[in-house]
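Heads up, the thing below is written out as C-alpha cells.
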Amino acid sequence: MAKLASSVPTAGGVYHWATIAGGPRWGRVLGFFTGWINFYGWLFSLASLLQISSNVAVSMYAVWNWDHYVSQPFHVYIGYLIILWGSAGFVIFANRYAPYTQHAGTIFVLIGGVITIIVLAAMPKQHASSHFVWLSFDENNATGWPGGVAFLLGVLNGAFTIGTPDSVTHMAEEMPHPKKDLPKAILLQILLGFVYAFCFAIALSYAITDITALQGGFNSFPLTNIYVQATTNSTGIRNPGAAFGLLFIMLGCIEDILGPCPR
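Letter by letter, the sequence shown follows residues 163 to 425 of the numbering used here.
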C-alpha cells in the first residue's frame, strides 16, 4: 500500500488504486466496489470513534461524581450528537485550521501516550499478578462467549492502531510532498501503533486490581474503572484528577483522528 501511495498519491486512495490495478477490463468494476466498501468502512469507523469519544466524555464527568452518578444510555447518545455536530461544524466552518490541529494532535498523541503508559505502570500501589495478566484468560472470561471468540473481539480494538493504513492517503492532496510523505506516514502508523498498543495493553493489564468492578457498576466504558483503580492511593482514596487527566488524553487523541474522516 505504501508503494501504491508513493506511485499514485491521490485522495481517493484505495478505489483509485483498484481501478488502475484492475486494468481496462476490470478496473472500473473493482474501483466501484472498492470505493463503496471503503466508504462504508469510514462510516462505521466514524460511528465507533464518536461512540468512544462520547463514552470518554461521560466518564470524565463520572470520575468527579463517582459516588452518586448513575449512568444512562441516553447520556452517551447526547454526547455522541454533540461531538458529531461539533466535529462537522469545525470541518465546515474552520477547516483552514485543520493543519494546526493535526500537528497539535500528533504531539498530543505521542506525548500523551507515553504519559499514560508511565502513569499506569508507576502510579498503582499494587499491581495484578503475572498469572492474572498472562495465564488467567479463560477463568476471567465473563463475556459468555467461547475463549477464542472473546479473544478475537478483544484484539479487534487494535484495528484503530494498525488496521487503517489507508487513512492518511485521503489527505494526500493536502501534503506538500505526498510521494515521500505518504509511505513514511503509513510505516510510522504501523510501527508506532504496534509498539504503543503492546506497551499500553501490558501496563493496563497490570493496573487491574479488581476485575469484578469491570463487570458491574459504572460499566458503559470499563477503561474508566481501570484508570480509577490505577490512580487510587494505598488508603483507598480515589484520585479523580489523575483519572480525569488520563481520560482527557484519550479524548484528545480520538478527536485528532476525526479530522481525516470528512476527506
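Where a beta carbon is used, it is the ideal one built from N, C-alpha and C, also for glycine.
Best match in the options for proximity to residue i [C-alpha to C-alpha]
| i | options | result |
| --- | --- | --- |
| Leu192 | Phe201, Leu205, His178, Ser233 | His178 |
| Gly197 | Ser233, Thr181, Thr374 | Thr181 |
| Val390 | Thr397, Pro402, Ser396, Phe383 | Pro402 |
| Thr393 | Phe252, Lys287, Asn217, Glu336 | Lys287 |
| Phe383 | Glu301, Ile279, Ala224, Ile199 | Ala224 |
| Asn200 | His332, Ile240, His237 | His332 |
| Asp328 | Gly175, Ala405, Leu376 | Gly175 |
| Leu376 | Ala365, Val220, Thr305, Thr268 | Thr305 |
| Thr386 | Ser396, Thr397, Ile373 | Ile373 |
| Ala405 | Pro261, Val220, Leu315, Ser233 | Val220 |
| Ser291 | Thr371, Arg187, Leu205 | Thr371 |
| Met337 | Lys165, Gln264, Val238, Phe195 | Gln264 |
| Trp204 | Gly355, Gln351, Ala284, Val330 | Val330 |
| Asn319 | Ser210, Ile364, Ala284, Ile411 | Ser210 |
Buried or exposed (CB count within 10 angstroms, at least 16 for buried), residue i
| i | result |
| --- | --- |
| Pro171 | buried |
| Gly251 | exposed |
| Pro235 | exposed |
| Ile280 | exposed |
| Leu353 | exposed |
| Val357 | exposed |
| Asn257 | exposed |
| Tyr242 | buried |
| Gly407 | buried |
| Leu344 | buried |
| Ile269 | exposed |
| Ile388 | buried |
| Ser396 | exposed |
| Ile214 | buried |
| Val317 | exposed |
| Gly248 | exposed |
| Val238 | buried |
| Leu315 | exposed |
| Gly267 | buried |
Beta-carbon separation (whole angstroms), residue i vs residue j, contact threshold 8 Å
| i | j | result |
| --- | --- | --- |
| Tyr368 | Val276 | At roughly 17 Å, the Cβ-Cβ gap does not stay under 8 Å, so Tyr368 and Val276 are not in contact. |
| Val218 | Leu413 | 5 Å |
| Met163 | Ile348 | 6 Å |
| Leu366 | Leu282 | 6 Å |
| Ser207 | Thr326 | 7 Å |
| Thr278 | Phe360 | Contact flag wrong, Cβ pair sits at about 14 Å. |
| Ser216 | Ile245 | 6 Å |
| Ala334 | Ala173 | 5 Å |
| Phe500 | Gly309 | Absent from the model: residue 500. The displayed extent of the chain is 163 to 425, so no value can be given. |
| Arg400 | Trp226 | Going by Cβ atoms, the distance from Arg400 to Trp226 rounds to 10 Å, so no, they are not a contact pair. |
| Ile324 | Gly355 | 5 Å |
Cutoff 7 Å: residue i Cβ touching any chain D Cβ
| i | result |
| --- | --- |
| Ala219 | Although the question refers to chain D, the structure presented lacks it and comprises just one protein chain. |
Endpoints, the alpha helix (DSSP H) within which residue i is located
| i | result |
| --- | --- |
| Ala392 | 384-393 |
| Tyr177 | 176-183 |
| Tyr368 | 340-368 |
| Ala334 | Premise fails: Ala334 is in no alpha helix (DSSP H) and is neither H nor E. |
| Ser396 | Per DSSP, Ser396 belongs to no alpha helix (DSSP H) and is neither H nor E. |
| Ala173 | Here Ala173 belongs to no alpha helix (DSSP H), and DSSP marks it neither H nor E. |
*Taking the runs of the alpha helix (DSSP H) that are 4 residues or longer, which of them lie wholly in the region 209-255?*
Listed in chain order, they are 235-255.
Practice task
Could you pull out every unbroken beta strand (DSSP E) segment of at least 3 residues lying fully inside the region 285-319, listed in chain order?
Solution key: DSSP runs (the beta strand (DSSP E)) wholly in the region 285-319: none.
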